[in-house]
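Shown next, in structure tokens, is the structure this report addresses.
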Amino acid sequence: MGRIPHWLAPVLIYFLTIPSLSGAVTDKTVYPVGVFEGIPREIGVENGSLVGRFADIYRCVFDRVEGNFQFIEMPLARILFQLEKGELAIGLPLVQTADRDQYADFGGRLFQTEYVYLFLEQYPPLRQVSGLRYAFVRRFIGNQFLQGDNASAVMVAEWKQAVDMVKLGRADIVVLPAVLIDHLMAGYEKPFYVRTAAWVDLSLYVSHRFGAGRLTPEFRKAVRDCESYDDRE
Numbered sequence: 001m002g003r004i005p006h007w008l009a010p011v012l013i014y015f016l017t018i019p020s021l022s023g024a025v026t027d028k029t030v031y032p033v034g035v036f037e038g039i040p041r042e043i044g045v046e047n048g049s050l051v052g053r054f055a056d057i058y059r060c061v062f063d064r065v066e067g068n069f070q071f072i073e074m075p076l077a078r079i080l081f082q083l084e085k086g087e088l089a090i091g092l093p094l095v096q097t098a099d100r101d102q103y104a105d106f107g108g109r110l111f112q113t114e115y116v117y118l119f120l121e122q123y124p125p126l127r128q129v130s131g132l133r134y135a136f137v138r139r140f141i142g143n144q145f146l147q148g149d150n151a152s153a154v155m156v157a158e159w160k161q162a163v164d165m166v167k168l169g170r171a172d173i174v175v176l177p178a179v180l181i182d183h184l185m186a187g188y189e190k191p192f193y194v195r196t197a198a199w200v201d202l203s204l205y206v207s208h209r210f211g212a213g214r215l216t217p218e219f220r221k222a223v224r225d226c227e228s229y230d231d232r233e
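Everything in the sequence shown is counted per UniProt numbering, starting at 1 for the first residue and increasing by one.
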């Protein structure tokens, strides 16, 4: 083989040393995973591992994907922001929305959970009531469940704050996952009421920007394999 022309050597060195333009992911890459904080009975992080009622089904998924995954609890709004910016590889547990699909890939249905309305006075069908104030955490999909004319949303940082808003009369209804009711209403001795808002598919999202979305096919296959693995009861 002939010698490399002197003018070509710097070009070759440049292309051999720069990181991949599509994301420098190596065998040593740490994949940060954002875990929705504030629901410890359902999902949380303890000593670097997932814990809670949903932990087994998510462990089933991560056990099928090779990688060094670092689980970090954080608020929902921060999970979505960092997924969009490529600062997180994965976010969970999350419901699919058109907005989130713009910057991350939904893993497919892993299991279902119930979203409910929680309120402290008896109402007729909510669509018949005007001016209701609905409380829920920021960037939750609560806006999809507003009913009645002139309904408004009150957004807070944590689920407990949403429930407190109703207890203090600053909101009328909380929209939240049903699994949180027992914890958030523990010790409340007055009557309260719960109605189903919807059953929704829960899974995870894979960021488009972190590693150029290379993890998506593996996670979608793992979710399909684990969907029936559900011992949350």
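No residue lacks a Cβ here, since even glycine has one placed at the ideal position from N, Cα and C.
Sixteen is the threshold: when 16 or more other Cβ atoms of the shown chains lie within 10 Å of the Cβ of P32, as they do, the residue is buried.
In this structure, A197 and V175 form a Cβ contact; the two beta carbons are roughly 6 angstroms apart against a cut-off of 8 angstroms. For F62, no beta strand (DSSP E) segment is defined; the enclosing uninterrupted segment is the alpha helix (DSSP H) at 55 to 62. Following the DSSP letters along the chain, one finds T216 inside the alpha helix (DSSP H) bounded by residues 216 to 226. Under the criterion of beta carbons closer than 8 angstroms, F71 and V35 qualify as touching, at roughly 5 angstroms. Residue pairing by DSSP places P177 opposite Y115 in a beta bridge.
With at least 16 other beta carbons inside 10 angstroms of its own, W159 counts as buried. Under the three-state reduction of DSSP output, A162 falls in the helix class. For A157, the secondary structure class from DSSP, reduced to helix, strand or coil, is coil. If you draw a 10 Å sphere on the C-beta of P191, you find fewer than 16 other C-beta atoms in it, and that means exposed. Cβ neighbours of Q147 within its own chain (closer than 6 angstroms, five residues either side excluded): L126, R127. Shown here, L132 sits in coil according to DSSP, grouped into three states, outside any helix or strand. In this structure, the alpha-carbon of V116 lies about 33 angstroms from that of V65. Shown here for R100: same chain residues with a beta carbon closer than 8 angstroms to its own, the five before and five after excluded, namely L80, L83, L94, F106, Y205 in chain order.
Taking the Cα of R209 as reference, the smallest distance to any Cα among A151, E87, W199, F145 is reached at E87. Taking C-beta separations shorter than 8 angstroms and ignoring five residues to either side along the sequence, the partners of T29 in its chain run G67, N68, G211, following chain order. The shortest CA-to-CA distance from L118 to any of E73, F136, L110, Y103 is the one to F136.
In the structure shown, A77 adopts helical secondary structure according to DSSP, grouped into three states. Exposure of P124 is indicated by the presence of fewer than 16 other C-beta atoms within 10 angstroms of its C-beta. Excluding residues up to 5 positions away in sequence, G108, R109, L110, F111 lie with their Cβ nearer than 8 angstroms to the Cβ of E227 in the same chain. For I90, the enclosing beta strand (DSSP E) has its first and last residue at 90 to 95.
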